[in-house]
Amino acid sequence: MNKITGIHRLLISALCITLLSSTINALPVSAEEVKTKTPATEGATAKLPTSWDLTDIYENLDVFEEDMKRVEELLPEVDKLRGTLNSVEGILNSVENPKIIEMKAILDKAAMFSELLESLDASDPMVIGVSSRFSEVSTEYDLAFSFYGPEIMKMPLEERKRIFSDKRLANYSFYFRNYTDDDYTVPSEEEAGAVTVLSTADNNSSIYGILDYIDRPQPYFTYPDGTRGVLSDTVYSRVVSSDKYDQGFRERLYKLRSMSRQQYKNTYAALLDSQMKFNWGRARIYGYESTLDMDLQEEAIEPEVYDKIIQFANSMCPKFSEYYRVKKEMLGLDKFMPCDIDYPVTQYSPGEVSYDESVATGREAVSVWGDEYVKTFDEIITSPHVDVYPADKKTTGEFETLMGNETLPYVLLNFDGTKNYTSTVVHEMGHAVYSQMSAQYQNVYNNNPTIFTQEVASTANEIMFARLMADSATTQEEKLYWLDQEIVLFWGTLMAQAQISEFEDYCYKVIENGGSLSADDLSEKWLQLQRKYYGDNVTVPDHAGIDWARIPHLYYNYYVYKYATSITYAASICNQVEKKGQGEIDAYMRFLKAGNSEPPSELLAIAGVDPLDDATYEAAGELIGELIDEFISEAGGQKDKPMLVPLS
42 MNKITGIHRL LISALCITLL SSTINALPVS AEEVKTKTPA TEGATAKLPT
92 SWDLTDIYEN LDVFEEDMKR VEELLPEVDK LRGTLNSVEG ILNSVENPKI
142 IEMKAILDKA AMFSELLESL DASDPMVIGV SSRFSEVSTE YDLAFSFYGP
192 EIMKMPLEER KRIFSDKRLA NYSFYFRNYT DDDYTVPSEE EAGAVTVLST
242 ADNNSSIYGI LDYIDRPQPY FTYPDGTRGV LSDTVYSRVV SSDKYDQGFR
292 ERLYKLRSMS RQQYKNTYAA LLDSQMKFNW GRARIYGYES TLDMDLQEEA
342 IEPEVYDKII QFANSMCPKF SEYYRVKKEM LGLDKFMPCD IDYPVTQYSP
392 GEVSYDESVA TGREAVSVWG DEYVKTFDEI ITSPHVDVYP ADKKTTGEFE
442 TLMGNETLPY VLLNFDGTKN YTSTVVHEMG HAVYSQMSAQ YQNVYNNNPT
492 IFTQEVASTA NEIMFARLMA DSATTQEEKL YWLDQEIVLF WGTLMAQAQI
542 SEFEDYCYKV IENGGSLSAD DLSEKWLQLQ RKYYGDNVTV PDHAGIDWAR
592 IPHLYYNYYV YKYATSITYA ASICNQVEKK GQGEIDAYMR FLKAGNSEPP
642 SELLAIAGVD PLDDATYEAA GELIGELIDE FISEAGGQKD KPMLVPLS
């Protein structure tokens with residue numbers, strides 16, 4: 042996942058920054074060194090750096106505070122822009138003024154610093170203080186700019202079109218795109234200011250993180266050998282994908298994972314209800330017809346794209362149901378459940394690998410993109426900008442972030458020691474390389490790619506890793522294993538994300554029609570969608586209804602469908618690379634370097650993909666269908682082979 046937190050959008054005005062607290066008014070400014078390291082993992086022997094060094098951003102808290110004071114000192118410069126935004130020269134000055142750029146750079150750094158600290162320990166008082174101080178200053182900054190959009194919009198449309206068509210503003214054309222849109226509206230300065238102030242209280246996502254990662258007790262369980270364990274999401278994933286445990290054990294952990302959140306169901310529902318009502322309120326203030334419409338227009342995505350990906354995913358349900366039927370037969374199960382999906386279908390096991398070995402394999406997989414790509418990959422992975430191992434109070438999952446262009450990207454992992462995790466490594470490094478190339482080749486207003494294209498860069502790497510593994514297999518069992526892994530990749534990134542997005546869309550429709558979200562209704566809808574997507578060959582138990590509470594992406598506003606679109610487009614790019622070779626690789630590199638300088642559809646066109654063409658989705662469907670057919674064909678030779686361990 043790529044976590045992109047915008048510091049300031051002149052086009053849309055107020056920023057909604059999710060922070061821990063707004064109650065602490067000042068940050069202690071001692072010379073204490075900033076805490077930057079996660080606890081060392083016992084027995085770790087990796088030669089590559091495995092912990093963040095955040096001193097690349099701020100050497101200590103004194104320096105952070107100096108930057109916050111510098112922004113406050115420079116804020117009067119913003120007011121000098123008033124009355125100047127009716128000419129090319131005035132607009133140009135507003136984006137190229139050195140003091141404005143300095144403030145933007147500082148806030149980029151500070152936002153990243155705050156975000157990274159939160160991900161290591163959101164409960165640390167020092168972290169809360171940093172977040173609060175940043176929130177205070179960034180709010181002042183956004184309030185100072187609340188006049189910007191309204192002043193420009195006072196000009197007649199034809200005058201705006203004349204100004205923004207000037208070649209001197211060509212490098213900012215996508216950034217300013219909305220001001221020449223006939224239907225674009227902005228709130229008044231007073232309304233924009235109000236949204237900015239209210240945004241400081243938009244902390245539902247951080248509260249969710251505290252609840253789910255810190256306050257919710259992670260349940261204990263007993264392994265078959267009698268040892269005790271703690272059921273984190275990382276441990277769960279490792280168990281259900283291992284051939285060491287039978288179905289009964291997997292099913293117990295599956296239920297235990299659900300039940301650990303069930304007792305907090307009403308709190309989870311209230312948080313999600315609050316977040317979605319805030320997003321819907323913001324959409325109404327800005328004149329959007331729906332929350333989805335706000336997301337699509339802010340990222341310049343055509344409305345048809347959302348409908349196309351949901352329709353495409355639904356059309357693939359029968360093919361995946363066929364895959365699950367065969368897998369159920371291969372495993373000899375009377376009942377096939379979601380906790381069985383990741384169980385290996387052959388006696389082949391990729392075994393455990395070190396982090397260094399995982400990186401080496403990942404590097405080989407992405408080397409298809411060429412020398413410049415690999416050089417950037419190496420620059421990031423060998424820096425202290427990758428935090429590798431799980432730790433107490435550290436955020437679960439993974440992400441990459443880069444704001445501005447003054448540092449390398451930062452990557453958060455929770456490495457579990459399996460070879461399969463290499464897919465996650467190359468995913469996040471796909472984000473990181475894309476971010477870094479955008480920062481190198483684009484100006485500060487065009488160097489922050491949207492999620493819509495960011496996820497293409499990450500999932501393309503996952504596809505390349507899966508294909509490397511299948512192509513380098515030396516036995517039929519090994520090949521079948523990796524074919525299965527590639528199908529699981531398409532399931533998890535296309536089908537599961539489309540299902541989450543349908544659930545999210547249902548939630549927003551409830552809110553937009555004046556309703557509220559209740560835990561029981563949410564669980565009922567989640568079950569309905571799970572059973573639709575999995576089909577008749579997978580048994581989804583009632584306790585899985587609460588699993589919507591595991592999804593932090595629901596707080597990001599129409600985020601997850603972009604995973605589904607991205608793997609669809611990435612599949613097209615990877616296939617073209619295999620067919621066309623160097624020419625397509627060169628096109629893909631141009632795409633990575635383009636940042637967000639053009640609308641997403643035009644950026645994807647550079648890489649040879651058309652999101653509006655039905656043929657794009659048909660080609661992806663054919664590819665997935667052929668992959669499943671190949672799996673079924675290969676599986677024919679495995680039916681009579683005994684499984685490694687009994688499954689029930």
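So the sequence shown is numbered by my numbering: it starts at 42 and just counts up by one. Yeah, the Cβ is synthetic: ideal placement off N, Cα and C, and Gly gets one too.
C-alpha gap between residue i and residue j, whole angstroms
i: residue 307; j: residue 588; result: 13 Å
i: residue 225; j: residue 170; result: 38 Å
i: residue 135; j: residue 426; result: 33 Å
i: residue 111; j: residue 101; result: 16 Å
i: residue 114; j: residue 210; result: 28 Å
i: residue 251; j: residue 374; result: 39 Å
i: residue 356; j: residue 363; result: 13 Å
i: residue 673; j: residue 354; result: 21 Å
i: residue 372; j: residue 365; result: 10 Å
i: residue 398; j: residue 92; result: 17 Å
i: residue 462; j: residue 260; result: 24 Å
i: residue 342; j: residue 231; result: 29 Å
i: residue 563; j: residue 631; result: 43 Å
i: residue 370; j: residue 676; result: 10 Å
i: residue 584; j: residue 592; result: 16 Å
i: residue 61; j: residue 582; result: The predicted position of residue 61 is uncertain, since its pLDDT is 27 and thus under 50; a value taken from the coordinates is nonetheless stated next. If I take the Cα positions, the gap works out to 35 Å.
i: residue 174; j: residue 658; result: 46 Å
i: residue 539; j: residue 265; result: 36 Å
i: residue 633; j: residue 479; result: 7 Å
i: residue 77; j: residue 434; result: Confidence at residue 77 is low in this model, with a pLDDT of 41, below 50, so its placement is unreliable and the value that follows should be read with caution. Rounded to whole angstroms, residue 77 to residue 434 spans 14 Å at the Cα level.
i: residue 167; j: residue 432; result: 18 Å
i: residue 629; j: residue 286; result: 42 Å
i: residue 636; j: residue 647; result: 12 Å
Residue i and residue j closer than 8 Å at C-beta
i: residue 545; j: residue 595; result: yes
i: residue 498; j: residue 471; result: yes
i: residue 228; j: residue 329; result: no
i: residue 274; j: residue 385; result: no
i: residue 144; j: residue 99; result: no
i: residue 602; j: residue 542; result: yes
i: residue 360; j: residue 665; result: yes
i: residue 301; j: residue 257; result: yes
i: residue 303; j: residue 246; result: no
i: residue 154; j: residue 243; result: no
i: residue 469; j: residue 496; result: no
i: residue 332; j: residue 502; result: no
i: residue 474; j: residue 531; result: no
i: residue 192; j: residue 272; result: no
i: residue 133; j: residue 95; result: no
i: residue 565; j: residue 533; result: no
i: residue 97; j: residue 448; result: yes
Residue i, DSSP secondary structure in three states
i: residue 655; result: helix
i: residue 440; result: strand
i: residue 64; result: Low confidence applies here, because residue 64 scores a pLDDT of 25, under 50, leaving its location unreliable and the question unanswered by this model.
i: residue 527; result: helix
i: residue 453; result: strand
i: residue 669; result: helix
i: residue 680; result: At residue 680 the pLDDT is 45, less than 50, meaning the model places this residue with poor confidence; the figure from the coordinates comes in the next sentence. Reduced to three states, the DSSP call for residue 680 is coil.
i: residue 320; result: helix
i: residue 489; result: coil
i: residue 307; result: helix
i: residue 123; result: coil
i: residue 416; result: helix
i: residue 567; result: helix
i: residue 164; result: coil
Residue(s) in a DSSP beta bridge with residue i
i: residue 263; result: 269
i: residue 192; result: Paired residues: none, contrary to the question.
i: residue 428; result: 453
i: residue 245; result: Bridge partners of residue 245: none, in fact.
i: residue 393; result: 459
Chain B contact for residue i (CB, 8 Å cutoff)
i: residue 538; result: In the structure shown, chain B does not exist; there is a single protein chain.
beta-carbon residue i near the ligand FAD non-hydrogen atom, thresh 7 Å
i: residue 291; result: The model on display carries no ligand, and the ligand FAD is accordingly not part of it.
Task: Sufficient close CB pairs (3 or more, under 8 Å) joining the stretch 509-529 to the stretch 624-644 - done: Result no; under three Cβ-Cβ pairs closer than 8 Å.
Open item on the list: Tell me whether the stretch 552-570 and the stretch 599-614 touch, counting them as touching only if at least three CB pairs, one residue from each stretch, are closer than 8 Å.
Closed with: The stretch 552-570 makes no contact with the stretch 599-614; the number of CB pairs closer than 8 Å stays below 3.
Open item on the list: Quick test of the definition: if touching needs 3 or more C-beta pairs under 8 Å, does the stretch 286-294 touch the stretch 516-523?
Closed with: Taking 8 Å as the limit for Cβ pairs, the verdict is that the stretch 516-523 does not touch the stretch 286-294.
TODO: Tell me, please, whether the stretch 201-215 touches the stretch 481-495 by the rule of three or more beta-carbon pairs shorter than 8 Å.
DONE: Because the criterion of three Cβ pairs below 8 Å is met, the stretch 201-215 and the stretch 481-495 touch.
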